[in-house]
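Okay, structure first, notes after.
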Amino acid sequence: MRELILLRHAHAEPAATGQADIDRPLSPHGLAEAEAAGRWLLEHKLTPDRVLCSPARRTRETLEAVLERTGYVEQRLDERIYDAVPGTLAALADEHREVERLLIVGHNPGLEQLVALMHSGQSGDYRGMPPAAVAVLSLPMEAAIEPGIARLTAFWWP
Numbered sequence: 056m057r058e059l060i061l062l063r064h065a066h067a068e069p070a071a072t073g074q075a076d077i078d079r080p081l082s083p084h085g086l087a088e089a090e091a092a093g094r095w096l097l098e099h100k101l102t103p104d105r106v107l108c109s110p111a112r113r114t115r116e117t118l119e120a121v122l123e124r125t126g127y128v129e130q131r132l133d134e135r136i137y138d139a140v141p142g143t144l145a146a147l148a149d150e151h152r153e154v155e156r157l158l159i160v161g162h163n164p165g166l167e168q169l170v171a172l173m174h175s176g177q178s179g180d181y182r183g184m185p186p187a188a189v190a191v192l193s194l195p196m197e198a199a200i201e202p203g204i205a206r207l208t209a210f211w212w213p
C-alpha cells in the first residue's frame, strides 16, 4: 500500500490592493495552523517521502512550517497544482506512483474534491477541507488513481 497525503494551505491574508492571489502570504493564525499540521504529521509518523507543492506563496509557507516539524524531504514546486481540478491532481499523483508516501500541498476545491472522488467515487460528495486540513488516503502501490480506489485513513484539521 502507498499513501497520498493532501494538505490544504493554512489561512492566508486577503490580497492587498494590486496584489496577485498567488502572492498572498499566510496570516499569523495560518502560520500557527501550519505548524500544528506539521506536529500532527510527525506525531502520526506520516513524514512524506516526496512533496509536490503549488507555487503560491501561501502553500510554500505552509509547507515550510510543516517541514520544520517533520524534517526536510524531497520537494518540487508544480504549477499545475495552483487552481487544479481533481483530474489534474490525480494525474500528477499518478506521475509519482513509485513514491510510497506522497504529500501534495494545494488548494480547494480541487483537494477536497479529489479526496471525495478517490474515497467515495464521486467528486460532488465532498464535505469540505478547512485551511491546513490533512487527508490521508491509502491505495494499492501500483494502482492508478481513479474513483473509489482509496480508503480515507485519517482526516485532521486544526
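Here the sequence shown is numbered in my numbering, starting from 56 and rising by one per residue.
Built from N, CA and C at the ideal position, the CB exists for glycine as well.
Computed from a predicted structure; not experimentally measured.
Between Leu147, Pro185, Ala67, Val189, which has its C-alpha nearest isoleucine 60's C-alpha?
As a position in the sequence shown, residue 60 is number 5, starting the count at 1. Selected option, being the one with the closest Cα: Val189.
Can you give me the C-alpha to C-alpha distance between isoleucine 204 and leucine 172, rounded to a whole angstrom?
If you number the sequence shown from 1, residue 204 lands on position 149. If you number the sequence shown from 1, residue 172 lands on position 117. Cα to Cα, isoleucine 204 sits roughly 9 Å from leucine 172.
Does the Cβ-Cβ distance between leucine 97 and valine 160 come in under 8 Å?
Here residue 97 refers to the residue found at position 42 when the sequence shown is read from its first residue. Here residue 160 refers to the residue found at position 105 when the sequence shown is read from its first residue. No, the Cβ-Cβ distance between leucine 97 and valine 160 is not below 8 Å.
Going along the chain, which unbroken runs of the alpha helix (DSSP H) with 4 or more residues stay wholly within the segment 76-134?
Correct list: 83-98, 112-125.
Run through DSSP, which three-state label would threonine 208 get?
By 1-based counting over the sequence shown, the position of residue 208 is 153. Residue state, collapsed to three classes: strand.
Taking 6 Å as the limit between beta carbons, can you name the residues of its chain near tryptophan 212, skipping five residues before and five after?
Your numbering for residue 212 matches position 157 in the sequence shown. Within the same chain, tryptophan 212 has close Cβ partners Pro185, Ala188.
Need the endpoints of the beta strand (DSSP E) that glutamate 58 sits in, please.
Against the sequence shown, residue 58 aligns to sequence position 3. Unbroken beta strand (DSSP E) run through glutamate 58: 57-63.
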